[in-house]
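Participant:
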Amino acid sequence: MTTTTGPPSRAELQSQRQDEILRLVREQGRIEVTTLAERFDVTTETIRRDLSGMQKRKLLRRVHGAAVPWQAVRYEPSISARHSQQVEEKRRIVTAALDELPPEGTIMMDAGSTTSMFAGYFPPDLKLRVVTNSLLIAPMLAEHDTLRVIVLGGAVRPQTASMVDHDTVETVRRMSVDVLFMGTDGLTPERGFTTPFTDEAAVKQAMIASARRVIALVDSTKFGNDHFVRFAGLTDIDTLITDTGASDADVAALEAGGLHVVRV
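Each step along the sequence shown adds one to the number in my numbering, with nothing skipped, and position 127 is 1540.
1. Applying the 10 Å Cβ sphere with the 16-neighbour rule, what's the burial state of T1519?
2. Under three-state DSSP, which class holds V1590?
3. For I1460, which three-state DSSP category applies?
4. Once the 5 residues before and after R1676 are set aside, which same chain residues still bring their CB inside 7 Å of it?
5. Where does I1444 land, buried or exposed, given buried means 16+ other C-beta within 10 angstroms?
6. From which residue to which residue does the beta strand (DSSP E) around V1627 run?
7. Here's a check: name, in chain order, each residue in its chain whose Cβ is nearer than 6 Å to the Cβ of S1633, leaving out the five neighbours to either side.
8. Using CA coordinates, which residue listed in I1506, R1625, K1635 is at the minimum distance from D1649?
9. With DSSP as the reference, please indicate the residues paired to H1673 in a beta bridge.
10. Hey, out of A1666, Q1429, G1596, F1610, whose CA is closest to V1507's CA?
11. Spatial neighbours of D1598 within its chain, please: C-beta separation below 7 Å, excluding the five flanking residues on both sides.
12. Is DSSP giving L1435 helix, strand or coil here?
13. Given that a residue counts as buried once 16 or more other Cβ atoms are within 10 Å of its Cβ, and exposed if not, what is V1577?
14. Once you ignore the five residues that flank K1540 on each side, which residues in its own chain have a CB closer than 7 Å to its CB?
15. Can you tell me the Cα-Cα spacing of F1594 and A1424, whole angstroms?
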């Protein structure tokens, strides 16, 4: 007697799809809803329902237009919200960072609330080429007649108002700059500089590789945060500028790992 099996049921297909979604999210760190819809040949609404159900089971988290691992990310405030946090500390950091600006040549700036504030402090007579992936930094610096501003292309990530995708990375890899000013989501002596998202990590890694000198602008609330993806070790960064909220023990541990730390 031959037993025949019919096509998988709708519930079985959904279960198989969600198992694969979970595998992809864990593997890639972040994956877009549209990418998943194309991969499984279903609508974006179907994927969003899948993600909502999986989030309720604490398998992953939904973020704007994408999914990330449940354990890998904390709540990420919007870029506008982060502009209102640690304002005085960031002001001291960016004021100190002005001394790191070269008299001529090319600098690069990644997206973030501290680097955006830094752009607002540039002197009016500064003569530099500035490369950035930030949609907030570019228009601020475009008001300076003496600056040549180059905006990197790519897909926009709304949370940071920045371009972060494969095209961004490939463009950066073809560049060579004198100084990179960058931020981070997390910093620990053990793992170095980290971010929750693989796409942002890839852009940051490419930026570091393109720069002769790297300056990290990091307020002390980022210390002790260890996120999903490591994009730089302590010795990959030339100087870290932070605020006096960083403890002596934290600074000593970072300096023991080879990082030059400036507290302001």
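Positions of the beta carbon are idealized from the N, C-alpha and C atoms, including for glycine.
None of these values were measured; they are calculated from a predicted model.
Facilitator: So, to answer that:
1. buried
2. strand
3. helix
4. T1655, D1656, T1657, A1659, V1664
5. buried
6. 1624 to 1630
7. T1655, D1656, G1658, A1659
8. R1625
9. T1652
10. G1596
11. T1607, T1608, P1609, K1635, N1638, H1640
12. helix
13. buried
14. E1517, T1559
15. 50 Å
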